[in-house]
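Numbering of the sequence shown is given in our numbering, commencing with residue 3 and proceeding in unit increments. Quick notes on the structure that follows.
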Amino acid sequence: MDLSIIIVNYQTFELTRDTINSILDYDYPFSYEIYVVDNASEDDSLSRLKDYFKDKVKFIASIENNGFAAGNNQALKQANGKYQLLLNSDTVVWENTLENIYNYMEDNPDVGACGCQVLLEDGNLDKACKRSFPNVKNSFFRLFHIPTKSKDDNYNLTDLPDGEIYEIDCLTGAFMFIRKKVFDDIGFLDETFFMYGEDIDLCYRIKKSGWKIVYYGKSKITHLKGASSKKQKSKLIYEFYRAMYIYYKKHHAFESSFIVNLFVYFGIGILCLLKLFLNLFKKKA
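Dropping the structure here:
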């Protein structure tokens, strides 16, 4: 098997169906398989997907929802592909995207993971598709919208062209085309992350192990960002900021002083509480 495509579904029948159809719409010069992991959906989306796709897709039904990372890991343990594509259930894959990136990976054996240009529904770039690793300094600039001319402090790499190919630090979890050998080297996704942050953590470990990560801006997908989690439930907000805490503590706390760490943890906590408070006054999606 050349490519294993892994999609996690949670109560999003229409979105997941459209994502899979955007793959099946085209022919490919390589073999592939599609896994759909259902994270214990409480609706009938799993049964409807099974009925719709029948033998075209391999399904894994989780007994309980242990998060996005855990859902992907269930399929990664079974997938046979030389490459593994982690793909969000709210995406649309454009023509030639998979073929172009597959060929690029074949031609560049030192690249461990590759992403593409990810467009939002309005046609603008999803800035998360090409990033630097977050740190105290660039996070501070980003949080307070402070402009910087320093490439080291430009978290979203806005100074780099969207339609080119180059090495970066971090991809978005919406589309991560990863060599199986990478998972053999570093293991699967860290299930400490429930939702959010697992993509940054994975990219950090990929680069730390010596593999390159490349942004392939000549190919595209559309990401209906947030469509699979539009309802801003308190748990999602909590998990977003919890992911910040986990990532920082795991990879950066040992580099900083006690005072800096205290400042970071306090800041994350205050931002989380503020977001939870403001969310009380928002209308339901």
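The beta-carbon is built from N, C-alpha and C at its ideal position, and this holds for glycine as well.
Would you mind working out which of the options sits nearest residue i, comparing C-alpha positions?
i      : options                           : result
Asn263 : Cys274, Tyr247, Lys277 and Leu275 : Tyr247
Cys131 : Phe143, Leu276, Tyr157 and Ile7   : Tyr157
Glu101 : Gly189, Ser134, Ile25 and Asp187  : Ile25
Gly114 : Tyr85, Asn98 and Asp128           : Tyr85
Ser259 : Val138, Glu123, Glu97 and Asn67   : Val138
Ile239 : Cys274, Ile180, Glu97 and Lys209  : Cys274
Tyr30  : Glu97, Leu191, Arg181 and Gly269  : Glu97
Asp164 : Leu17, Lys220, Ile188 and Lys182  : Lys220
Asp201 : Cys172, Trp213, Ile188 and Asp186 : Cys172
Spatial neighbours of residue i within its chain, please: C-beta separation below 6 Å, excluding the five flanking residues on both sides.
i      : result
Phe196 : Gly69 and Glu241
Glu193 : Ala71 and Ala72
Tyr28  : Glu97
Val216 : Val113, Cys116 and Glu169
Phe55  : none
Checking 9 Å against the spacing of the C-beta atoms, do residue i and residue j come in under that value?
i      : j      : result
Ala71  : Leu48  : no
Leu88  : Asn74  : yes
Gln13  : Ser43  : yes
Leu5   : Tyr104 : yes
Leu159 : Met178 : no
Val120 : His225 : yes
Met293 : Asn82  : A query on residue 293 cannot be resolved here, the shown segment of the chain reaching from 3 to 287 and no further.
Output needed for residue i: all residues of its chain with C-beta closer than 8 Å, excluding positions within five of it in sequence on either side, in chain order.
i     : result
Thr21 : Ile9, Leu89, Asn90, Ser91, Asp92, Thr93, Val94 and Val95
Thr99 : Cys118, Ser221, Lys222 and Ile223
Let me see if you follow: with CB-CB separation under 9 Å, is residue i close to chain D or not?
i     : result
Ile22 : No chain D appears in this structure, which consists of one protein chain only.
Taking 8 Å as the cut-off, is the C-beta of residue i nearer than that to any heavy atom in the ligand ZN?
i      : result
Tyr249 : As for the ligand ZN, it is missing from this structure, which has no ligand bound.
Near residue i, what residues of its chain come up, given a Cβ to Cβ distance below 7 Å and the 5 sequence neighbours on each side ignored?
i      : result
Tyr267 : Tyr247
Ala255 : Asn263
My understanding is that residue i touches residue j, with C-beta atoms under 8 Å, so please give their C-beta distance in whole angstroms.
i      : j      : result
Ile270 : Tyr249 : Not a contact, Cβ separation roughly 10 Å.
Leu280 : Ser236 : Rounded, the Cβ-Cβ distance is 12 Å, inconsistent with contact.
Ala245 : Tyr206 : No, Ala245 and Tyr206 are not in contact; Cβ-Cβ is about 13 Å, not under 8 Å.
Leu78  : Phe185 : 6 Å
Lys227 : Leu122 : 6 Å
Exercise for review: Entirely within the region 88 to 118 and at least 4 residues each: give me those alpha helix (DSSP H) ranges in chain order.
Suggested key: Listed in chain order, the alpha helix (DSSP H) elements of length 4 or more contained wholly in the region 88 to 118 are 99 to 109.
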